[in-house]
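> Sequential numbering from 191 applies to the sequence shown in the numbering used here.
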Amino acid sequence: MKPGLLERLAEGPVICAEGYLFEFERRGYLQAGAFVPEVVLEHPELVTQLHREFVHAGSDVVEAFTYYAHREKLRMIDKEHLLEEMNRQALALAKEVADETGTLLAGDICNTNVFVDDADSRAAVRAMFEEQVAWAVEADVDFIVGETFTFGEEALLALETIQATGLPSVITFSIHQDATTGEGWTPEDACKRLEDAGADVVGLNCARGPRTMLPLLEKVRAAVGGHVAALPVPYRTTDDEPTFHSLRDPDCDVIPAGRPFPTALDPFVCNRYELEDFARKANALGVDYLGVCCGAGPHHIRAVAEGLGRTPAASRFSPDMSKHAFLGTDERVPREYKEYADRL
Ligand SMILES: [Zn+2]
191 MKPGLLERLA EGPVICAEGY LFEFERRGYL QAGAFVPEVV LEHPELVTQL
241 HREFVHAGSD VVEAFTYYAH REKLRMIDKE HLLEEMNRQA LALAKEVADE
291 TGTLLAGDIC NTNVFVDDAD SRAAVRAMFE EQVAWAVEAD VDFIVGETFT
341 FGEEALLALE TIQATGLPSV ITFSIHQDAT TGEGWTPEDA CKRLEDAGAD
391 VVGLNCARGP RTMLPLLEKV RAAVGGHVAA LPVPYRTTDD EPTFHSLRDP
441 DCDVIPAGRP FPTALDPFVC NRYELEDFAR KANALGVDYL GVCCGAGPHH
491 IRAVAEGLGR TPAASRFSPD MSKHAFLGTD ERVPREYKEY ADRL
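1. From glutamate 496 to alanine 474, what distance separates their C-alpha atoms?
2. Using DSSP bridges, identify the partner residues of threonine 362.
3. What is the DSSP secondary structure of threonine 351, reduced to helix, strand or coil?
4. Taking any heavy atom of ligand 1 as the mark, which residues have a C-beta closer than 5 Å to it, listed down the chain?
5. So what does DSSP say about arginine 265, is it helix, strand or coil?
6. Under 8 Å by Cβ, that's how I've got asparagine 277 and phenylalanine 339 pegged, so tell me the actual separation to the nearest angstrom.
7. Taking the beta strand (DSSP E) that histidine 417 falls in, what are its first and last residues?
8. Where do the ends of the alpha helix (DSSP H) carrying aspartate 289 lie?
9. Within 7 Å of any Cβ in chain C, is that where the Cβ of proline 227 sits?
10. Going by DSSP, what residue range makes up the alpha helix (DSSP H) through glutamate 243?
11. Please state the DSSP three-state secondary structure of isoleucine 445.
12. If you draw a straight line from the alpha carbon of alanine 387 to that of serine 512, how long is it in whole angstroms?
13. With DSSP run on the structure shown, which of helix, strand or coil describes phenylalanine 516?
14. Contact check, glutamate 378 vs threonine 351 under 8 Å by CB: the rounded distance?
15. With a threshold of 16 other CB atoms inside 10 Å of the CB of phenylalanine 507, please say whether the residue is buried or exposed.
16. Measure how close the beta-carbons of alanine 207 and glycine 481 come, nearest whole angstrom, since I'm counting them as under 8 Å.
17. Cutting at 6 Å between CB atoms, please list the residues of its own chain near alanine 531, excluding the five before and the five after it.
18. By the DSSP assignment, the alpha helix (DSSP H) with alanine 493 in it spans what residues?
19. So the candidates are Pro502, Thr501, Ala503 and Asp520; which of them puts its Cα closest to the Cα of aspartate 510?
20. What do you get for aspartate 298, buried or exposed, if any count of 16 or more other CB atoms within 10 angstroms of its CB means buried?
21. Among Glu197, Ala504 and Arg216, whose alpha-carbon lies nearest the alpha-carbon of valine 245?
22. Would you mind sorting alanine 472 into buried or exposed? The rule is 16 or more other CB atoms within 10 Å of its CB.
23. Find the nearest neighbour of arginine 492 within the set Gly485, Arg462 and Tyr479, judged by alpha-carbon distance.
24. Return the CA-CA distance between glutamate 215 and phenylalanine 225, expressed in angstroms with no decimal places.
25. Quick test of your reading: valine 335 and cysteine 381, contact by CB under 8 Å. State the CB separation rounded to the nearest angstrom.
26. Please determine, among Leu240, Ala486, Gln322 and Ala309, the residue with the shortest C-alpha to C-alpha distance to glutamate 466.
27. Which residue from Ile205, Ala447 and Glu290 puts its Cα closest to that of histidine 490?
28. So, at 6 Å on beta carbons, what are the nonlocal neighbours of leucine 357 in its own chain, with the 5 sequence-adjacent residues on each side left out?
29. Sorted by chain position, which residues of the same chain lie with C-beta nearer than 8 Å to valine 304's C-beta, five sequence neighbours on each side aside?
30. Where does alanine 369 sit, in a helix, a strand or coil, going by DSSP?
31. Just to confirm, are alanine 247 and proline 488 a CB contact at a threshold of 7 Å?
32. By DSSP, does leucine 455 sit in helix, in strand, or in coil?
33. For aspartate 298, does the three-state DSSP call read helix, strand or coil?
34. What number of angstroms, rounded off, separates the C-alpha of histidine 417 from the C-alpha of asparagine 395?
35. Among Glu197, Ala309 and Asp441, which has the Cα closest to the Cα of glutamate 343?
36. Looking only at DSSP bridge pairs, what is arginine 398 linked to?
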């Protein structure tokens, strides 16, 4: 029997790689806008490969790529008939990699984009969660993530659905510019409410980069007693532009609609050292479920792992500039090349 999420968290931090949507969008296998994980059915081998790359880089969790594989999103692209097949396939792909690597298998539900806090929408949201959670349970997941919630009440519905399965739950909020949920709850209040309702891990994911998520995490950590999650986007958000949606790029005048989100964020990408630094600082605060969201590459995940003092398989190839042709200090680098270094 492999240890479950809560057993692993009792021993130390757990790393969960995310960011599948952005990675497959930039590779050209799903469309920005609707952001539906069609790659799961069209190129399953690529999804399996990315799962493996994230584990190689240090992820302790293989999260099934069911983010936005929900009824509303499939309706948006007129492919509602693929809903069940897409979910079951995503879960099977993740399970295969979790089984072969001894990592945890996570089911995933998320913001439905139909929640408006009336009885009809609550019923619709609940039904969407129930069908996805049921497929996850049938795939024998170890726990279920409910993520990227703007509304606290929607997150509570997700938690209720997960709790009905008896599996551990991770619930994370996406906190936008005004630093509250859609209802106006502070992040710490939102996390406290979810913890009080029984969530095993609460915290924040997406929307904010390391620099603008960290101050919120400090307050969340102070408000809750249990495990805290942090999965920022790897972008250089600022006090004035605290979310990746709000970033602007005055140096570039060719971006459609003038908004770098989501397809022109390249100049804002954090380097690996910034993610390593974030992981170290967040963990020092007491955050123990760590990852990276939209925009993450395997090098970011490796940096998080190394920030926690680990050496995942990919650390074998972590940089060693002593062997560089010009910048290297190794005795085998010719003196003439070392002297040329300043001219590079
Ligand atoms: Zn994200």
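Even for Gly, the Cβ is constructed at its ideal location relative to N, Cα and C.
So, from the data block:
1. Walking along the sequence shown from the start, residue 496 turns up at place 306. Walking along the sequence shown from the start, residue 474 turns up at place 284. If I take the Cα positions, the gap works out to 14 Å.
2. Position 172 of the sequence shown, counting from 1, holds the residue named residue 362. Beta-bridge partners of threonine 362 (DSSP): Gly393.
3. On the sequence shown, residue 351 is found 161 positions in, with the first residue counted as 1. Note: threonine 351 maps to helix in three-state DSSP.
4. The set, ordered by position in the chain, is Cys396, Cys483 and Cys484.
5. Within the sequence shown, residue 265 is the residue found at index 75, counting from 1. Of the three classes helix, strand and coil, the one that applies to arginine 265 here is helix, per DSSP.
6. Position 87 of the sequence shown holds residue 277. Position 149 of the sequence shown holds residue 339. Incorrect: roughly 19 Å between the Cβ atoms, too far for contact.
7. If you number the sequence shown from 1, residue 417 lands on position 227. Here the beta strand (DSSP E) through histidine 417 covers 417–421.
8. As a position in the sequence shown, residue 289 is number 99, starting the count at 1. Looking at the DSSP string, the run of the alpha helix (DSSP H) that includes aspartate 289 is 273–291.
9. No chain C appears in the structure shown, which is made up of a single protein chain.
10. Residue numbering aside, residue 243 sits at position 53 when the sequence shown is read from its first letter. Unbroken alpha helix (DSSP H) run through glutamate 243: 234–246.
11. Numbered from its first residue, the sequence shown carries residue 445 at position 255. If DSSP states are grouped into helix, strand and coil, isoleucine 445 belongs with coil.
12. Locating residue 387 in the sequence shown gives position 197, counting from the first residue. Locating residue 512 in the sequence shown gives position 322, counting from the first residue. In a straight line, the C-alpha of alanine 387 is about 53 Å away from that of serine 512.
13. Working through the sequence shown from its first residue, we reach residue 516 at position 326. In the displayed model, phenylalanine 516 falls within coil according to three-state DSSP, outside both helix and strand.
14. Locating residue 378 in the sequence shown gives position 188, where the first residue counts as 1. Locating residue 351 in the sequence shown gives position 161, where the first residue counts as 1. So it is not a contact: roughly 24 Å between Cβ atoms.
15. Locating residue 507 in the sequence shown gives position 317, where the first residue counts as 1. Here phenylalanine 507 is exposed: its Cβ has fewer than 16 other Cβ atoms, across all protein chains shown, within 10 Å.
16. Taking the sequence shown and counting its residues from 1, one reaches residue 207 at position 17. Taking the sequence shown and counting its residues from 1, one reaches residue 481 at position 291. Alanine 207 to glycine 481, Cβ: 6 Å. Contact.
17. Translated into the one-based positions of the sequence shown, residue 531 becomes position 341. Annotation for alanine 531: Phe516 and Leu517 place their beta carbon closer than 6 Å to its own, counting only its chain and skipping 5 residues before and after.
18. For the purposes of this step, residue 493 is identified with residue 303 of the sequence shown, where counting begins at 1. Looking at the DSSP string, the run of the alpha helix (DSSP H) that includes alanine 493 is 488–497.
19. By 1-based counting over the sequence shown, the position of residue 510 is 320. Closest option to aspartate 510, judged by alpha-carbon separation, among Pro502, Thr501, Ala503 and Asp520: Asp520.
20. As a working note, residue 298 is residue 108 in the sequence shown. Aspartate 298 should be labelled buried.
21. Residue 245 sits at position 55 when you count from the first residue of the sequence shown. The residue with the shortest Cα to Cα distance from valine 245 is Ala504.
22. Taking the sequence shown and counting its residues from 1, the one referred to as residue 472 is at position 282. Around the CB of alanine 472, 16 or more other CB atoms lie within 10 Å, so the residue is classed as buried.
23. As a first step, residue 492 is located in the sequence shown; it is residue number 302 there, counting from the start. The shortest C-alpha separation from arginine 492 is found at Arg462.
24. Within the sequence shown, the letter at position 25 stands for residue 215. Within the sequence shown, the letter at position 35 stands for residue 225. Their Cα atoms are separated by approximately 8 Å.
25. Translated into the one-based positions of the sequence shown, residue 335 becomes position 145. Translated into the one-based positions of the sequence shown, residue 381 becomes position 191. Going by Cβ atoms, the distance from valine 335 to cysteine 381 rounds to 15 Å, so no, they are not a contact pair.
26. Within the sequence shown, numbered from 1, the residue matching residue 466 stands at position 276. Closest option to glutamate 466, Cα to Cα, is Ala486.
27. Position 300 of the sequence shown, counting from 1, holds the residue named residue 490. In terms of Cα proximity to histidine 490, the closest of Ile205, Ala447 and Glu290 is Ile205.
28. Counting from 1 along the sequence shown, the entry for residue 357 is found at position 167. Excluding its 5 nearest sequence neighbours in each direction, leucine 357 has C-beta neighbours in its own chain below 6 Å: Phe333 and Ile334, listed in chain order.
29. Reading the sequence shown from its first residue, position 114 is the one you call residue 304. These residues qualify, in order along the chain: Glu262, Ser311, Ala314, Val315 and Met318.
30. By one-based count along the sequence shown, residue 369 stands at place 179. Secondary structure at alanine 369: coil, using DSSP grouped into helix, strand and coil.
31. The sequence position of residue 247 within the sequence shown is 57, counting from 1. The sequence position of residue 488 within the sequence shown is 298, counting from 1. Their beta carbons are under 7 Å apart, which means alanine 247 touches proline 488 by this criterion.
32. Counting from one through the sequence shown, the residue named residue 455 turns up at place 265. Leucine 455 falls in the coil class under three-state DSSP.
33. One-based indexing of the sequence shown puts residue 298 at position 108. Here aspartate 298 sits in strand by DSSP.
34. Sequence index remark: in the sequence shown, residue 417 carries index 227 (1-based). Sequence index remark: in the sequence shown, residue 395 carries index 205 (1-based). Distance between the alpha carbons of histidine 417 and asparagine 395: 14 Å.
35. The residue labelled residue 343 in the question sits at position 153 within the sequence shown. Ranking Glu197, Ala309 and Asp441 by CA distance to the CA of glutamate 343 puts Ala309 first.
36. Along the sequence shown, one-based indexing puts residue 398 at 208. Looking at the DSSP output, arginine 398 bridges to Thr433.
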